[in-house]
Amino acid sequence: MRRRESLAAFGFLSPWLIGFAVFTAWPILYSAYLSLTDYDVINDARFVGWSNYQELFSDPKVSLALGNTLFFTIVQVPLYVIVSLALALLLNRAGRASGFFRTVFFLPKMTPPVAVGILFLLLFNGQNGVINSGLGAVGIDGPSWTTDPAWVKPGLVIMSLWTVGSSVLILLAALRGVPEELYESATLDGAGAWRRFVSVTLPMSSPAVFFIVVVNTIAGLQTFDEAYTAFFGAGNSTYSNDAALFYVIYLFQQAFEFLHMGYASAMAWVLFVVIMVITAIQMVVSRRLVHYEGAAS
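Heads up: the sequence shown runs through residues 1 to 297, numbered per full-length UniProt numbering.
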């Protein structure tokens, strides 16, 4: 009986297992091999050992792209969490209208990334963009978001907040799961609104906040679509703007524009290690900052 059940389970799992082996596990292992070769797709791969990694660590473009990516991630993730939490708190008080606003906040998440990149150019145009027009209406001279290197990444950070909808819904679910008796006890103890937020709301919703931080950190380190569409698309006059050169964009250029597949594979593995290290640090820090209901103190 147990053997038949095991065979049946593997039978149901086999499509996923085969798909994982063919489309995930094998490409990962093959990219590890390619990272040790000189391969241009046209000719056979030539084994070069650790040469790609040595070149990678001495390539100024890699350090530039990695610095841009880290800056974007460090600025974007906290802002993303703060905006998401603020909107979730407002939705939590919306009552019957919360269903409508949940839909409104989530709809931008459905926008294709390419469309978001084009929208960025329209909204943040330094001469006649909507953002600068709004700033001009209140007497503020807006910057050149798309051409000034100092403002390119801040503009992309602001634009990334367009898709906070999914995180808002996750945090809203966490907020609604906070027991009301905790707020009542805090109120009886004389806690004000801010103290209740710090001592009750944040600790009880910290698992959801931590999840959003981890997921968006990984996504930030792999930023590609919007920045590539806005600054590196076909016919884009700002192609040489290094302020928007993120790590995955440079990886894409090496792989599919210059056909340096071996070098691009080495870049991919370095990014994998960076993500693993940062995620491990976040996991260690979370042991002191994240409260799991029922866990021993």
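Each residue gets a CB set at the ideal place from its N, CA and C atoms; glycine is no exception.
Reduced DSSP category for residue i - H, G, I as helix; E, B as strand; rest coil
i      : result
Thr223 : coil
Thr37  : strand
Leu3   : A small correction: the amino acid at residue 3 is Arg; Leu does not occupy that position in the sequence shown. Three-state result, Arg3: helix.
Phe20  : helix
Arg46  : strand
Gln127 : coil
Arg196 : helix
Asn92  : helix
Trp145 : coil
Pro179 : coil
Phe258 : coil
Val209 : helix
Asn241 : coil
Ile140 : coil
Val290 : coil
Ala191 : coil
Val164 : coil
Val284 : helix
Thr111 : coil
heavy atom of the ligand NAD below 8 Å from residue i C-beta
i     : result
Asp44 : Looking for the ligand NAD in the displayed structure turns up nothing, as the structure carries no ligands at all.
Alpha carbon of residue i to alpha carbon of residue j, nearest angstrom
i           : j      : result
Gly155      : Thr146 : 8 Å
Val277      : Leu87  : 31 Å
Val284      : Ala8   : 39 Å
Glu180      : Arg196 : 11 Å
Ser6        : Gln282 : 37 Å
Phe252      : Leu17  : 28 Å
Ala230      : Gly192 : 46 Å
Gln254      : Val104 : 39 Å
Leu36       : Phe232 : 28 Å
Lys153      : Ala243 : 7 Å
Arg176      : Leu289 : 20 Å
Ile158      : Val215 : 18 Å
Glu55       : Ser63  : 12 Å
Trp151      : Phe124 : 10 Å
Pro112      : Asp38  : 35 Å
Gly11       : Val114 : 39 Å
residue 303 : Ala137 : There is no way to answer for residue 303, as the model of the chain reaches only from 1 to 297.
Leu121      : Val274 : 30 Å
Leu188      : Leu89  : 22 Å
Asn132      : Leu119 : 14 Å
Lys61       : Ile170 : 37 Å
Buried/exposed call for residue i, threshold 16 Cβ in 10 Å
i           : result
Met1        : exposed
Gly134      : exposed
Ala264      : buried
Met110      : exposed
Asn43       : exposed
residue 360 : The displayed coordinates of the chain run from 1 to 297. Any statement about residue 360 would go beyond what the structure contains.
Ala174      : buried
Ser14       : exposed
Tyr239      : With a pLDDT of only 45 at Tyr239, under 50, the local geometry of the prediction cannot be trusted, and the value read off the model is given with reservation. Tyr239 is exposed by the Cβ-count criterion.
Leu172      : buried
Nearest candidate by alpha-carbon position, reference residue i, set the options
i           : options                           : result
Arg46       : Ala280, Arg287 and Met261         : Met261
Tyr53       : His291, Gln282 and Ala268         : Ala268
residue 303 : Val213, Ala266 and Ser84          : Nothing in the structure corresponds to residue 303, since the chain is present only between 1 and 297.
Ala219      : Tyr247, Asn241 and Ser205         : Tyr247
Gly117      : Ser160, Ala208, Arg287 and Gly142 : Ser160
Thr69       : Leu271, Ala97 and Trp194          : Leu271
Pro149      : Ser167, Asn241, Asp38 and Ser286  : Asn241
Tyr183      : Gln127, Pro112, Thr201 and Asp141 : Thr201
Ser286      : Arg4, Leu122 and Phe211           : Phe211
Val81       : Trp50, Ala137, Ile131 and Thr163  : Thr163
Ser206      : Phe224, Gly95, His291 and Leu245  : His291
Trp50       : Thr217, Lys61 and Ala32           : Ala32
Contact check, residue i vs residue j, beta carbons under 9 Å
i      : j      : result
Val83  : Val213 : no
Ala65  : Tyr250 : yes
Phe101 : Leu91  : yes
Leu107 : Gly19  : no
Leu221 : Thr24  : no
Leu259 : Asp59  : no
Met204 : Val178 : yes
Gly129 : Gly139 : no
Ser199 : Ala208 : no
Gly126 : Ser144 : yes
Thr279 : Thr217 : yes
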